[in-house]
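For reference, the structure discussed in these notes is given below.
Residue numbers (our numbering): 1142 to 1290.
Put into structure tokens, the structure is as follows:
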């Protein structure tokens, strides 16, 4: 709605609000000495302003509302292949709850599903000829949710 002008304005508004040094990270890699790299980083990035925005961006809508949960999507491939992808949202920080800190359930589940050794789910499904690969784990993290695939 509003075309390119509205899209540009929305992008510039986002930049004005969230392009802020206090919520950014910078990694500098090079063959130069640490002192020289630091000098360049300070020279090139010290003018990035700080807006005082919260460290984490909270989206104004749910990433996965009730109408999108349980969605099944079938796609006809142009080449011979089959793929099953399962994903479900988890509230961000749910694993940081005190009761879950020691057990790390998402890592446990990722290992259980993604392990490729003898006796594993991967090994069994592969022996049946049902899969060629399998992966599991947290795939997308935002300030207010986490996606497990």
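We treat Cβ as the ideally placed atom computed from N, Cα and C, and that holds for glycine.
Looking at the structure shown, is residue i part of a helix, part of a strand, or coil, going by DSSP?
i	result
residue 1244	coil
residue 1280	strand
residue 1214	coil
residue 1231	strand
Within 8 Å (strictly less), CB to CB, does residue i reach chain C?
i	result
residue 1182	Among the chains in the structure shown there is no chain C, since it carries only a single protein chain.
Less than 8 Å between the CB atoms is what I'm expecting for residue i and residue j, so what's the real figure, rounded?
i	j	result
residue 1289	residue 1243	Not quite, the Cβ-Cβ distance comes to about 19 Å (not below 8 Å), so this is no contact.
residue 1287	residue 1210	Between residue 1210 and residue 1287 the Cβ distance is about 15 Å, and since that is not below 8 Å, they are no contact.
residue 1163	residue 1191	5 Å
Check each candidate in the options and name the one with the smallest Cα separation from residue i.
i	options	result
residue 1214	1220, 1224 and 1206	1224
residue 1226	1265, 1272 and 1189	1272
residue 1228	1245, 1179, 1178 and 1281	1281
residue 1168	1156, 1159 and 1181	1181
Would you check if the distance between the CB atom of residue i and the CB atom of residue j is smaller than 8 Å?
i	j	result
residue 1253	residue 1263	no
residue 1194	residue 1161	yes
residue 1251	residue 1270	no
residue 1165	residue 1183	no
(message) Please give the ranges of any beta strand (DSSP E) in the segment 1144 to 1210, keeping only runs that are unbroken, at least 3 residues long and fully inside the region.
(response) You should have found no qualifying run.
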